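**Student:** I have a structure I would like to understand better, so I am pasting it below and will then ask my questions one at a time.
Numbering (my numbering), first residue to last: -6 to 191.
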């Protein structure tokens, strides 16, 4: 794949992308391109849909990375709907809407990034059921629309196994710490290597 110099690359989604170090590192590694981090700390899927025009369309990106689902699960973690079929179907319908918006754009690549859960405290482990549904839906969307996929859940859990979960995620298991952000950054840059851009 070839990208024009100064092509726009958009990070779209929730708190998984909200890190100045991530944006700074990607900008340093991809100096010929413009990195736009449109992610917001408390963005739910609904927020991404509502702000799609300003956060994505108007930037005229060539490549879009999407990370969504963790904040949705975090907001539902004490809710009776967490991990239910109703919650899953609602998220799937919203993801279809987002995927159709992305599919309608003239993009070189769309990369969906799996939501994740890394267990630190068993008291939080019920969230895994909700995240597992969202991982399945993310994979399904990637396959259905011909988008690419980063299997972040597996990468983070492997890193947690190797170095300890406390190095990778915050206590709730749904938010990244510095080493977890490095895992995400490496996975994103690996895509550019795969595309023969790095």
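In this text, a Cβ means the ideal position worked out from N, Cα and C, and glycines have one as well. Note that the structure is a prediction, hence the values are computed from the model and not measured.
1) Quick check: what's the CA-CA separation for residue 53 versus residue 67?
2) Could you tell me the boundaries of the alpha helix (DSSP H) in which residue 80 lies?
3) Helix or strand or just coil, what does DSSP make of residue 142?
4) To the nearest angstrom, how far is the alpha carbon of residue 134 from that of residue 160?
5) Locate the beta strand (DSSP E) running through residue 25, then write down its first and last residues.
6) Taking only the alpha-carbon atoms, compute the straight-line gap between residue 17 and residue 30 and give it to the nearest angstrom.
7) If you draw a straight line from the C-alpha of residue 189 to the C-alpha of residue 118, how long is it?
8) Closest to residue 46 by C-alpha separation, out of 62, 58, 91, 56, would be which residue?
9) By the DSSP assignment, the alpha helix (DSSP H) with residue 45 in it spans what residues?
10) Whole angstroms is fine: what's the gap from residue 123's alpha carbon to residue 95's?
11) Starting from the C-beta of residue 0, find all residues in its chain whose C-beta is less than 6 Å away, skip the five residues before and the five after it, and write them out in chain order.
12) Contact check, residue 175 vs residue 141 under 8 Å by CB: the rounded distance?
13) Starting from residue 160, follow the alpha helix (DSSP H) in both directions and report where the run begins and ends.
**Tutor:** From the atom records:
1) Roughly 31 Å separates the two Cα atoms.
2) Residue range 78 to 96 is occupied by the alpha helix (DSSP H) that includes residue 80.
3) Residue 142: strand per DSSP, three-state reduction.
4) The alpha-carbon atoms of residue 134 and residue 160 are separated by roughly 30 Å.
5) Judged by DSSP secondary structure, residue 25 falls outside any beta strand (DSSP E); it is assigned neither H nor E.
6) One Cα belongs to residue 17, the other to residue 30, and the distance between them is close to 10 Å.
7) Between the alpha carbons of residue 189 and residue 118 lies a distance of about 39 Å.
8) The shortest Cα separation from residue 46 among 62, 58, 91, 56 belongs to 91.
9) From DSSP, the alpha helix (DSSP H) with residue 45 extends over 45 to 48.
10) It is roughly 25 Å from the alpha-carbon of residue 123 to the alpha-carbon of residue 95.
11) Excluding residues within five positions, the ones whose Cβ falls inside 6 Å are 26, 55.
12) About 21 Å separates the two Cβ atoms, so there is no contact after all.
13) Run containing residue 160: 158 to 161, per the alpha helix (DSSP H) assignment.
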